[in-house]
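Following: one structure in structure tokens, then a few remarks.
In the numbering used here, the protein residues as written are 408 to 860.
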């Protein structure tokens, strides 16, 4: 029997290791993980146990809280939202092993005690993108491993009639002001300035992975602050990967993993169990004792949302064909229009992508026309940065998804396009209602593996 040459090379390599001794494997460099969440508690309910695992693995972890999580207009409930900040500072010290107790409202530590675990400083971000206040946990195993920053924008609350992030995203108002000081004073941002601030945080931290909220609204409904925090983070990510294409993105689903009382058949299966469940509950409990709106403990969260964590991740190496319900995305003969048509062995169906999100075919790139809806081929310097997720969704500008519509290939905002549903008292809005879900699933999911032709 004749063996290929590489087989003998493996034998020689093994022999050399036996005689000289095997070198220890190289120690992997710690990753930098960045979370951008809407409220104090979203990281703990929807993203854990992933954050805890990152800390346990010695990775660097930075979490950005977009809103103050206030329940009253203009953050008038100062003691409440500052308590939420203390809760988060407490739980990151808990996840790092600095705090081992499980607290009750009666035994929770004082503000002075909690803040003694941290170094506080104001940081000026790169490229004049803004300033942030940064809490760094002291004496971690990896120096400066855990950092937190609170942007203190106003949160959304249905009972108070507040949807500030959603209105801000849609241009009403054109500026948003913090409810508390950042760097010693209140800060006001236009939409572009806020996205620039988030981009500056990414440039300063240089994350390997970015975690945020799912932003398309295709999963029925969620808190509007979750969706719009995800949208702001996604726009910042687009800017960031133009020069830092190595960073991956994870988008976490929110209340829609469980909060579906009208449609119990749509609830996701519990996937946080055993010791992971117990650890998550302990951490979340140490937050809840600072947040009176939770009832002071984690029980009701862990009975539903907390027992589940579902995320979508970017596809970094998709195949060359974009396949949508037995049809493939194709450039037409005019070289500008695109359509979904029968899959065949054609160069006009061969797509190439780079890590900055450009999709190209035949020397031109996929973009969005001036109407903000029609998808067409453009010169690559004007290409849209497309974010491809492992659920088959391709996201364009402003979280609009690539869609096979009745009039052709387009991008669509499923949060604003579809019927909205609100849940009393939870500030929960948006998403697809039945029977829109099945129709949408067929039109907006693009399968990346090569289909049978």
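Where a beta carbon is used, it is the ideal one built from N, C-alpha and C, also for glycine.
Residue i versus residue j: straight-line alpha-carbon distance, rounded
| i | j | result |
| --- | --- | --- |
| residue 526 | residue 757 | 52 Å |
| residue 705 | residue 711 | 11 Å |
| residue 817 | residue 498 | 44 Å |
| residue 762 | residue 521 | 41 Å |
| residue 610 | residue 596 | 19 Å |
| residue 637 | residue 441 | 13 Å |
| residue 782 | residue 451 | 38 Å |
| residue 799 | residue 738 | 20 Å |
| residue 589 | residue 608 | 14 Å |
| residue 624 | residue 804 | 14 Å |
| residue 810 | residue 481 | 38 Å |
| residue 579 | residue 591 | 27 Å |
| residue 699 | residue 542 | 23 Å |
| residue 500 | residue 796 | 33 Å |
| residue 776 | residue 788 | 14 Å |
| residue 628 | residue 793 | 23 Å |
| residue 686 | residue 486 | 28 Å |
Burial state of residue i (16 or more Cβ within 10 Å)
| i | result |
| --- | --- |
| residue 716 | buried |
| residue 635 | buried |
| residue 633 | buried |
| residue 831 | In this prediction, residue 831 has a pLDDT of 35, which is less than 50 and means its spatial position is unreliable; what the coordinates show is noted afterwards. Exposed, because fewer than 16 other Cβ atoms sit within 10 Å of the Cβ of residue 831. |
| residue 853 | buried |
| residue 603 | buried |
| residue 535 | exposed |
| residue 751 | exposed |
| residue 652 | exposed |
| residue 640 | buried |
| residue 691 | buried |
Cβ-heavy atom distance, residue i to the ligand ADP, below 8 Å
| i | result |
| --- | --- |
| residue 803 | Absence of the ligand ADP from the depicted structure is noted, as is the absence of any ligand whatsoever, leaving it without description. |
Simplified DSSP state of residue i, which is helix, strand or coil
| i | result |
| --- | --- |
| residue 773 | strand |
| residue 453 | helix |
| residue 716 | coil |
| residue 676 | coil |
| residue 477 | coil |
| residue 435 | coil |
| residue 701 | helix |
| residue 794 | strand |
| residue 581 | coil |
| residue 628 | coil |
| residue 838 | In this prediction, residue 838 scores a pLDDT of 48, lower than 50, which makes its location untrustworthy; no coordinate-derived value is stated. |
| residue 755 | helix |
| residue 589 | strand |
Residue of the options minimising C-alpha distance to residue i
| i | options | result |
| --- | --- | --- |
| residue 630 | 446, 438 and 851 | 446 |
| residue 720 | 659, 748 and 586 | 659 |
| residue 747 | 796, 814 and 802 | 814 |
| residue 582 | 592, 560 and 564 | 560 |
| residue 645 | 529, 530, 621 and 765 | 765 |
| residue 489 | 503, 472 and 501 | 472 |
| residue 677 | 453, 435 and 436 | 453 |
| residue 740 | 729, 754 and 806 | 754 |
| residue 510 | 616, 713 and 694 | 694 |
| residue 460 | 682, 791 and 601 | 682 |
| residue 594 | 544, 760, 540 and 773 | 540 |
- Task: Would you list, in sequence order, the uninterrupted beta strand (DSSP E) runs of no fewer than 3 residues that lie entirely inside the region 512 to 576?
- Result: 525 to 531, 538 to 544 and 553 to 560
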